[in-house]
Structure formats: C-alpha cells, structure tokens
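S.K.:
Chains as they are written, first to last, in this note's numbering: chain A, 1 to 314; chain B, 1001 to 1314.
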C-alpha cells in the first residue's frame, strides 16, 4: 500500500483535474451512480471533538474510498491543528488497500473550496462588484483562492469576530492581489458584496435576509452538520434558485434544512448541483436573482479528489 | 502514525488479554457505553465483492477505531486472498491517527474466534463428547484452536463439501491433537457433537432441528450479513437459551433474524452476551438445554482487539 503525506499531495495535485473529477462525481451522484453509505459520526463530548467517516464508490471507478476526518476544538491550546484526517483508497476489483493519503484533512478542505469554485462559476452574477466572506480561517482563505480563476473581481469584504484574525486574513488576501475590507458586522458583507461565501461553524444565523442585495450569489459551506447555521431561513426562502449538493443530506442538515423545517420552502424547490452540471435543471436566469448553493459535503467529492491526488502523483 | 503489519500483530498479540478486552467491550456495549454508528456496506456486483466499514468508540477509552474489511470472492483465482482489511486507531482526546494495523482481516477473524471461545466458556455443556464444525476454512480452524483452552474434548467432527478441504482440515486438527472425523453430511455433525460451531457463508439452512441432541450448544458465526443462514429457524426456536452479540444487529441479519421474521421467536427471548457476562441474565441452567449464541460481529470487538494488539506490541 502506498503511503502519501500532505506535503506530497499539496505539491503535486492538479487542481483543474480535481475540478473536473469533482464535477463528474456530482453528476454521477445525481444520476444515482454512486454508492454512498450513511455517514458515520462520533461525538467526543468530554474532549470537545467529533469525527465523521464518509465512504463512496462511483460506479465504473477502479477504486473506492473511506475518509476519516476529525475535529477537536481544544487542540489549538495543545499546539495541534483542530482538524485532522486521512483517506483510504481501495481497489474496487479485488478489495486490496492501494493507498493511504495522510492529508490531515487538507483534501476535505480543498474539495469543499473546489465545490465553491464550481458553484460560483455556475451561478455568480455576470459582474461581481465585491466578494464577501464570512469567516477568516482556512476555508475562507481556500475559497478566496479558488475564486481567482472564475471571477475578475479583486475586492473582498471579510467578516470575522477577532481583529487579529481579520488582520491576518487581510495580509493573506492582499498577497493574492485583493483590495481588502474587514468588518465585524456581517451586514457590511451583505451590503457590499454580491458573491458571498459563508465558511463559519456558526450555530446562529449571521446573514439577515433584508441586508442581501438582488442579484447576489451565496455559497454556504459552514453548516456541514446538525445544529449549524449561517443564514436566516428567510434568506433561504427568498432565494430564487436553491442548489444543494445532496437533497437527501440537506434535508437533515445544512442551511436548507432549517428553512424546510420552518415550512418556508418545499423540497420540490431544491435542485442538485449534479443535475445543474448535467443540464437537467437551469441555474441563474436573470441578473436580479438571488442564488444560493448549500454545500454539506458529499463523500463522492472525497472519492474523486483522492483519485485525482493519486493520479497527479503517478 | 505507527504502521504495523499482520506478521507483527500475529507474533505479539496477547490472546488472553484480547479475550478480556473483548469481554469488557461486550459488557460496555450492552450497557449502552459504546458509540457504534451504522455499518457502512458496499456491493461490487461486477467484481463479486463487498466491503464493510465498522467503527466504534467505547466510552472512557483513549482511542477509537475505524475498520475496513473486504471480501472479493473471485480473488483466489487471481492468486489473492478473498478477504482483506485494515484497522485505523485514532486518539479519542485529539483526533490524531495513532496507528494503522494492516492486519489483512486477521483481527476480524480472531475477534470472531475469541467470541466463539467466550460463548463456549459461558454455555457449553459440562461434558463435551465431541466438537462439531460446519466449514473447513480459516474461521473453522481458528474456532477450533480457541476451544482448546475451554474444553478438554479432543474429538472433532467436521463437515465440508469438498473431500480435499476436509483432508486439509484433518491434517490441521490432527496437528492440534484432535481425533478427527470428516463428513459431507451435516446431520453427522449434529448427531455426534454437542458443541457445534457454524462457520460457513451458506445462504440455506444446513442444520435441521430434529438432528440436534438435547444439551447441545451451538455457536453460529457464519451469518454475518443479510441473506446468510446456517440453521433451520425451527432449531433457533427450539433453543432454550438464545444469546446474541447485538439485539439491534441480529434483528436485521444473523440466524435469529430468520426465526424472528417467521414469527417463531420473539425479541423478548433474546439476551445479549454482554448482559450474560455482566450477570444480568442467566445462561445454561441444565444439562439438557439447547443453547445458541448468534454472533454477527460488533464493532466494539474490533476496537477492543485493535487496542489489545497495539498494547501487546508496546
């Protein structure tokens, strides 16, 4: 079994190929061509941690994957990263373990950022005045990097709770060539930006519906587990187009779940990103529409980026 | 992360400690102190293979485990073993991967055999006239080895379909010191033995109720997935005491599931091995009782034997 570490993966992965593979994965998933067993989850309440195991097999693929990702939120106080994880790649023809990708959670972060890139390419307004991000962490940074190829806009408005984190994000985004505006009021992001990415682990809505301007696109990636929420359910209901990665999963959690439970939207209003990529449903149809992509993370993304990482190394 | 191969595990594991750990695991499981997310399963129909992912965390443990096991039944024709697999051990205090046990499925076989040992110790008749086994493969051999410490009986009657496999088993069991009788009729096992272990992947009942003698104990380990069956449901219903590893799991598959579905037994008749070990339910109460232990394999066994394997190596 081949063992690959994070540095090797980061140095060699072909991100354009990864985008293509993830798109193929979304399409296959929406066509019912992916085996995705129920996500396994653990809660380590005493240690303020959790773990999830996501596994997938895309029919026709030579491999399948089992991904383990952990989040232990007191780790930074011990000098460790909060997130860790790895991906196992096994042969779908003889069951033998082929590779262990010790990516420490990096592939999960990257496949999430690439899904944001795909969402923005499909649904962002033709003219982006400013990009907005909720959050200043790793995902907020990777999302911004991945927007570089899909918009010419180089202005970003970033919301965070801590001035120090905002200043750190400013330095990061400046180095990418952005004009950076920081704020501690989420309202300023909604009022100034028309391509917004929400990346926080918040458990209360941060963005009110009334703040958001017509024509805005929102990609929400933070609410990846039950109880998490970044958007006012009224904002979800106000969106003209709601796209999710997995209807089955977004019924249970994600931004859409809160609006469904409140009776503000119906499941029939939801479309899957795989169906949008495959041309079976339409995306944005006018400059004034508000579009929302709610991404909870589907195991087929893990399978496809892991395969791409391996192919990029060989 | 420590990487350990099968040879190291087999050479160093302390099996008496493993029995103790597995017993602790069964007790904790029946006390509701183990997080066992739903088993993930894949079917690779084109390749005649399957995979399951079993994960567990026993409260209070410093670690948790994710086990991947595969079965690809055309592998022998390619010069490969049918079964493969590995176990990941992660820290329950910070989420970091601690060890990868590349046991190629050996730990799963062994924890199953040790559960058979525990079952026989708890429920076998006081005087074992002969041990019977259905099946001649790896599990039938490991079960026989693990009965050595719990019974003085050194006579075995083994059923198999192939004379070559039976002769191979004979050589194996002779080397362990057994008087070996082989047969191609399951009836002979039931008529001659009063401690029977069923280890085949059969999908039809092999043992009829009327053949089995009063006082017999049966441990059934073959039916570990939907559709598998080794015992006549009437035999399950005839048993005076039915013990399972997990009531939740045995409702879905295992010998007991067939008898439940046929309405021949009620769930209230079932007891868990963890409750028996903990003294909350009784086992055999007379020499004439037929006792049955139905083992489908619970993830806490994997967690506990993996921990034991690591402790034995350090």
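Backbone N, C-alpha and C define an ideal beta-carbon position, used for all residues, glycine too.
1) Listed in chain order, which residues of the region 1076 to 1095 of chain B have Cβ atoms closer than 7 Å to some Cβ of chain A?
2) Restricting to runs no shorter than 3 residues, where is the beta strand (DSSP E) found entirely within the region 1102 to 1174 of chain B?
3) Between which two residues does the alpha helix (DSSP H) harbouring residue 1249/B extend?
4) Just the C-alpha distance for residue 101/A and residue 5/A, rounded to the nearest angstrom, thanks.
5) Starting from the C-beta of residue 30/A, find all residues in its chain whose C-beta is less than 7 Å away, skip the five residues before and the five after it, and write them out in chain order.
6) By the DSSP assignment, the alpha helix (DSSP H) with residue 315/A in it spans what residues?
7) At a CB-CB cut-off below 7 Å, which residues of chain A make contact with residue 1055/B?
8) Could you please give me the residues that DSSP links to residue 99/A through a beta bridge?
9) Between which two residues does the beta strand (DSSP E) holding residue 1024/B run?
10) Just the Cα atoms here: how many angstroms apart are residue 1078/B and residue 304/A?
11) Does the Cβ of residue 1131/B have 16 or more other Cβ atoms within 10 Å, making it buried, or fewer, making it exposed?
12) Would you say residue 35/A faces chain B, with C-beta separation under 9 Å as the test?
13) Between 147/A, 55/A, 68/A, which lies nearest to residue 114/A when the distance is taken from Cα to Cα?
14) Could you pull out every unbroken beta strand (DSSP E) segment of at least 3 residues lying fully inside the region 28 to 91 of chain A, listed in chain order?
15) Does the beta carbon of residue 1192/B sit closer than 9 Å to a beta carbon anywhere in chain A?
16) By the criterion of Cβ-Cβ separation under 7 Å, what are the contact partners of residue 49/A in chain B?
17) Report the option in 1085/B, 1126/B, 1259/B whose CA atom is closest to the CA atom of residue 1068/B.
18) Closer than 8 Å by C-beta to residue 1047/B: which residues in its own chain qualify, once you throw out the five before and the five after it? Chain order, please.
19) In whole angstroms, give me the CA-to-CA distance for residue 1106/B and residue 1033/B.
20) Among 1057/B, 1124/B, 1197/B, 1179/B, which has the Cα closest to the Cα of residue 1142/B?
21) What whole-angstrom Cβ distance do residue 1190/B and residue 1212/B have, given they're in contact under 8 Å?
22) Please report the residue range of the beta strand (DSSP E) in which residue 1241/B lies.
23) Residue 1070/B touches chain A at which residues, Cβ-Cβ below 7 Å?
24) Classify residue 174/A as buried or exposed, calling it buried when 16 or more other Cβ atoms lie within 10 Å of its own Cβ.
25) Kindly indicate which three-state DSSP category residue 234/A falls into: helix, strand or coil?
26) Assuming the contact rule is C-beta atoms closer than 8 Å, residue 1300/B and residue 1056/B should be a hit. Round their C-beta distance to whole Å, please.
27) Is it right to say residue 204/A is buried, meaning 16 or more other beta carbons lie within 10 angstroms of its own, or is it exposed?
M.R.: Walking through what the data contain:
1) 1078, 1080, 1084, 1086, 1088, 1090, 1092, 1093, 1094, 1095
2) 1131 to 1134, 1155 to 1159
3) 1247 to 1252
4) 6 Å
5) 272, 274, 275, 278
6) The structure shown does not extend to residue 315/A, since chain A is modelled only from 1 through 314, so no value can be given for it.
7) 40, 53
8) 2/A, 89/A
9) Segment 1015 to 1030 is the alpha helix (DSSP H) holding residue 1024/B; no beta strand (DSSP E) there.
10) 27 Å
11) buried
12) yes
13) 147/A
14) 40 to 44, 49 to 58, 63 to 72, 83 to 91
15) no
16) 1095
17) 1085/B
18) 1072, 1074
19) 26 Å
20) 1197/B
21) 5 Å
22) 1241 to 1244
23) 90, 95
24) exposed
25) helix
26) 5 Å
27) exposed
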